[in-house]
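Structure first, commentary second.
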Amino acid sequence: MCKAPEFLPTRHLWYDGPAQDFAGGLPIGNGRLGAVVLGWDWERVIINENSVWEGPFQDRINNNSLEALPKIRDHLRKGDITEASRLVLNNMVASPPVSRAYTVTNNLAINFYQQQRHWSNYRRWLDVVEGVTGVMYDYEGVTYTREYVANNPVGVLAARFTASQEGKLRLTVGLERATGGIAYNIASTNPHTIVFDVEGHEANAIAFSSGVRVVTDGVVEVSSDGKFLDVSGACKVDLFYDTETEFLWKSKAEYKAEVERKLNTASSAGFEKIRADATKDHSTLMNRVSLDLGTSNTAKLSTDTRVAYYSSNPGNDNAFIALMFNFGRHLLISCSRDTGRPGMGVPANLQGIWNEDKFPPWGGKFTVNINTQMNYWLAEATNLPETLLPLWDLIERSRERGRDVAKRMYGCPGSVSHHNLDLWGDSAPHDHGEKWTMWPMSRLWLANQAMDHYRFTGNKEFLRNKVLPEFEAIAVFLNCNLFEFEGYYSTGPSISPENFFWITDSKTQDPNIVGAIDISPTMDVSLLRDFYTNYVDMVTALGMGKSTNGMTRKAHEIRSKLRPIAIGTHGHVREWRKDYWEMEVGHRHISHLWDLFPGSQMSPLVNMTLANAARITLQRRTDNFGGGATTGWSRAWIAACYARLFDAGKALEHARELLKHHVFNNLLHKIERGGRVFQIDSNLGFVAAVAEWFVQSHTGYIHLLPALSSDLTAGSVKGLVTRGGFIVDIHWGKSGVLLEAKIKSTRGGELKVRVSDGKVFKLDGRVVQPESAVATEPGKVYIVTL
1 MCKAPEFLPT
11 RHLWYDGPAQ
21 DFAGGLPIGN
31 GRLGAVVLGW
41 DWERVIINEN
51 SVWEGPFQDR
61 INNNSLEALP
71 KIRDHLRKGD
81 ITEASRLVLN
91 NMVASPPVSR
101 AYTVTNNLAI
111 NFYQQQRHWS
121 NYRRWLDVVE
131 GVTGVMYDYE
141 GVTYTREYVA
151 NNPVGVLAAR
161 FTASQEGKLR
171 LTVGLERATG
181 GIAYNIASTN
191 PHTIVFDVEG
201 HEANAIAFSS
211 GVRVVTDGVV
221 EVSSDGKFLD
231 VSGACKVDLF
241 YDTETEFLWK
251 SKAEYKAEVE
261 RKLNTASSAG
271 FEKIRADATK
281 DHSTLMNRVS
291 LDLGTSNTAK
301 LSTDTRVAYY
311 SSNPGNDNAF
321 IALMFNFGRH
331 LLISCSRDTG
341 RPGMGVPANL
351 QGIWNEDKFP
361 PWGGKFTVNI
371 NTQMNYWLAE
381 ATNLPETLLP
391 LWDLIERSRE
401 RGRDVAKRMY
411 GCPGSVSHHN
421 LDLWGDSAPH
431 DHGEKWTMWP
441 MSRLWLANQA
451 MDHYRFTGNK
461 EFLRNKVLPE
471 FEAIAVFLNC
481 NLFEFEGYYS
491 TGPSISPENF
501 FWITDSKTQD
511 PNIVGAIDIS
521 PTMDVSLLRD
531 FYTNYVDMVT
541 ALGMGKSTNG
551 MTRKAHEIRS
561 KLRPIAIGTH
571 GHVREWRKDY
581 WEMEVGHRHI
591 SHLWDLFPGS
601 QMSPLVNMTL
611 ANAARITLQR
621 RTDNFGGGAT
631 TGWSRAWIAA
641 CYARLFDAGK
651 ALEHARELLK
661 HHVFNNLLHK
671 IERGGRVFQI
681 DSNLGFVAAV
691 AEWFVQSHTG
701 YIHLLPALSS
711 DLTAGSVKGL
721 VTRGGFIVDI
731 HWGKSGVLLE
741 AKIKSTRGGE
751 LKVRVSDGKV
761 FKLDGRVVQP
771 ESAVATEPGK
781 VYIVTL
């Protein structure tokens, strides 16, 4: 029988009552299947499968684009931004303007024939290390337990329900999908199985099949009316669930057979085996990294009470930061794993994998002008490279879609995508608006993450087979699409996501007209410079030399003729090529600081002038925050940027602001303070921002404790990973002073260390100058002390 665990302040979420709604439910997942458990008497487990989207691929490309593009550029060159924008919206917006959306799969409805108002001693919890959620309570003298787990090795959700007395457990189990317009077929393939089929063209979803099976102990009565399974007189009931879709399988027969196969495999193995394999898999990933920020005087509070307490007393619960750090890693493990179907991985979307709506906010898409990238910032540094496999799959799918977009919209070879992707990799422009639609630069940002994966892992097979084809497709497109303007290689039409500026020198000379579309916004220039730097590094690492057909020479040429990053009248980093006035000074995006985070060229160790300008830019943004500008993901990004500026106080301040205002009772994050809309990016971005406090490696150093606030008492972090393939454990004392760091070299190579603000340190007991590079041996651990 399941027992409530001892609740640990950095490992468990726990509550003394059922969830009120989705924002109180507890999320688990195996990377493909996600569940939110509410803990009700008539239970509703909200289930999602990551490839259940609203329909098949759509060809949305606007064929007017190719003819209009030269005219648009001509207007931009002349400074007629208003007319250029009009032509963009009339000729380059896709039809329909939005791509496919994510949608809900179904609910697992379980009636326990009880009234929760008569429950006592209720506990509901989530163990983020094992990935298990449970419920326990007393009812009419009987103790009831429920335990739910998501198994990645087999690919099913599983549950066990128990009663402390024989014959006292009764439940009815069924599958529901209350989204309207459903054409479904319910059939029994096994006396203890319900199969739920959805025909996509009538259900606002692609076609899929869901199945649930119950396994009982002893001689227990199980009956079915074809839609529900009724179990009575039991002491223990196990449940197994799976969904398969037409995205993953070629035919209905195949995906239905796969549901049957997985249910057979799971039920034959039994719940205890399924649970053991699931928790071993999950905890192995979770235990690679541990974070200790000290004890908490709120450790005995239920999590909902703790959330409320933290909003008023953030300085009194540093262990809550560690819990949020661990919870974020749990979420990424749970919503982004290998499906076992090559090339068909589905990465974490705007909701990760958890959604209860027919039409989730913003379609639950892959928004690739910040949000999708933020989802994966933590993967490398906190040693979860397995979670990146679905992202690489989406990049490949969208590359093939992007070839058609490049040819028909821009008249170019290669591949391009804009600010949103869907399940199918639809790369055409998305939405209809000046400050969203026309941004053909997302592939460069995604390519940066792929190149960074190589820098962390040193995997040349990945570099050759995954990264090189992507870079070549982008480079071919850029070599065709870039044009010279004012002596620089330039992009355009393009935007700085998703901000407007006041047009003060347009053809109309009307200062009240706003624009967004222009030539070479700062973010574009940053991405281009990074892309061509990475391209040269890549071909060098692969020993390709002169075999790139002049592409390397072209890369050097373009990089040398890119517009430099400019400083504006306020001493800030200019967001556009001209010193336009931002329509929203406190805008949620800080696209023009890409070179600070996730890039490196605005680091104080690289360019102090740009670092100082970046600091002013951040201060202007936050001084003018208001409305939507205070999004959770924006706070996470700003916290990471301050860590990159080595401003420990500001980095901690903005991390705390995020946790004060954007946390639901189940620790999922709301986009806006006071809002009710969940979006996962700040949950995941928060982890990456916190990791930056302890170790950074983007400038060639393993920089220990670069941004650790003195507000954080003595503590430790273990298992963080750096570029170059080093694993780092750090212990620090009061005021954030380094006590000891252990640096393990996984593949040899040079080790360059910097401690805090440049302190003199010892490596294996010998004083080492910070600029020195030390050769390392694979598998050896190096000790850093002051």
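In terms of the UniProt record's numbering, the numbers along the sequence shown are unbroken and rise by one, the last being 786.
Where a beta carbon is used, it is the ideal one built from N, C-alpha and C, also for glycine.
- Where residue 54 is concerned, there is no enclosing alpha helix (DSSP H), because DSSP gives it neither an H nor an E.
- Per DSSP, residue 754 lies in no alpha helix (DSSP H) segment; the continuous beta strand (DSSP E) that holds it begins and ends at 753-755.
- Its Cα nearest to that of residue 22, the residue 107 stands out among 107, 57 and 4.
- In the three-state reduction of the DSSP assignment, residue 290 falls in the strand class.
- Around the beta carbon of residue 118, fewer than 16 other beta carbons lie within 10 angstroms, which makes this residue exposed.
- In this structure, the CA atom of residue 99 is about 38 Å from the CA atom of residue 14.
- Per DSSP, the unbroken alpha helix (DSSP H) holding residue 78 starts and ends at 65-78.
- By the CB criterion at 8 Å, residue 646 and residue 707 fall inside the cutoff.
- Closest by C-alpha distance to residue 772, out of 758, 751 and 780, is 751.
- Listed in chain order, the non-local C-beta contacts of residue 782 below 8 Å within the same chain comprise 742, 743, 744, 745, 751, 763, 764, 774 and 776, local neighbours out to five positions each way being set aside.
- In this structure, residue 471 sits away from residue 519, with a CB-CB distance that is not shorter than 8 Å.
- Short of 8 Å from the beta carbon of residue 503, and not among the five residues preceding or following it, lie these beta carbons of its own chain, in chain order: 81, 82, 510, 511, 513, 514, 515 and 580.
- Per DSSP, the beta bridge partners of residue 745 are 726.
- Under the DSSP assignment, residue 12 falls in the beta strand (DSSP E) whose first and last residues are 12-15.
- In this structure, residue 685 sits near residue 374, with a CB-CB distance shorter than 8 Å.
- Just so you know, the alpha carbons of residue 675 and residue 501 end up roughly 27 Å apart.
- Counting only runs of 4 or more residues that sit fully inside the segment 79-127, the alpha helix (DSSP H) segments are 81-91, in chain order.
- Secondary structure at residue 440: coil, using DSSP grouped into helix, strand and coil.
- If you check the CB distance, residue 310 and residue 670 do not come in under 8 Å.
- For residue 309, the enclosing alpha helix (DSSP H) begins and ends at 303-312.
- Counting every other CB atom within 10 Å of its CB across the protein chains shown gives residue 635 a total of 16 or more, marking it as buried.
- Assignment of residue 130 by DSSP, reduced to helix, strand and coil, places it in the coil class.
- Residue 615 and residue 241 have their C-alpha atoms spaced approximately 51 Å apart.
- Within the model, the alpha-carbon separation for residue 558 versus residue 719 is close to 39 Å.
- The beta carbons of residue 209 and residue 255 sit closer together than 8 Å.
- The Cβ neighbour count for residue 766, taken over all protein chains shown within 10 Å, is under 16; the residue is labelled exposed.
- With respect to the 8 Å criterion, residue 355 and residue 148 are not classified as neighbours on the basis of their beta carbons.
- Membership of residue 222 in the beta strand (DSSP E) is indicated by the continuous run 221-224.
- Straight through space, the alpha carbons of residue 94 and residue 396 are spaced by roughly 21 Å.
- In summary, residue 724 is buried, with 16 or more beta-carbon neighbours lying within 10 Å of its beta-carbon over all protein chains present.
- For residue 141, the three-state secondary structure derived from DSSP is coil.
- Shown here, residue 587 sits in coil according to DSSP, grouped into three states, outside any helix or strand.
- Counting C-beta pairs closer than 8 Å gives three or more between the segment 725-732 and the segment 691-705, which meets the contact rule.
- Looking at the backbone, the Cα of residue 625 and that of residue 658 are separated by about 13 Å.
- By the CB criterion at 8 Å, residue 270 and residue 152 fall outside the cutoff.
- Non-local beta-carbon contacts of residue 449 in its own chain, meaning distances under 7 Å to residues more than five positions away in sequence, involve 373 and 376 in chain order.
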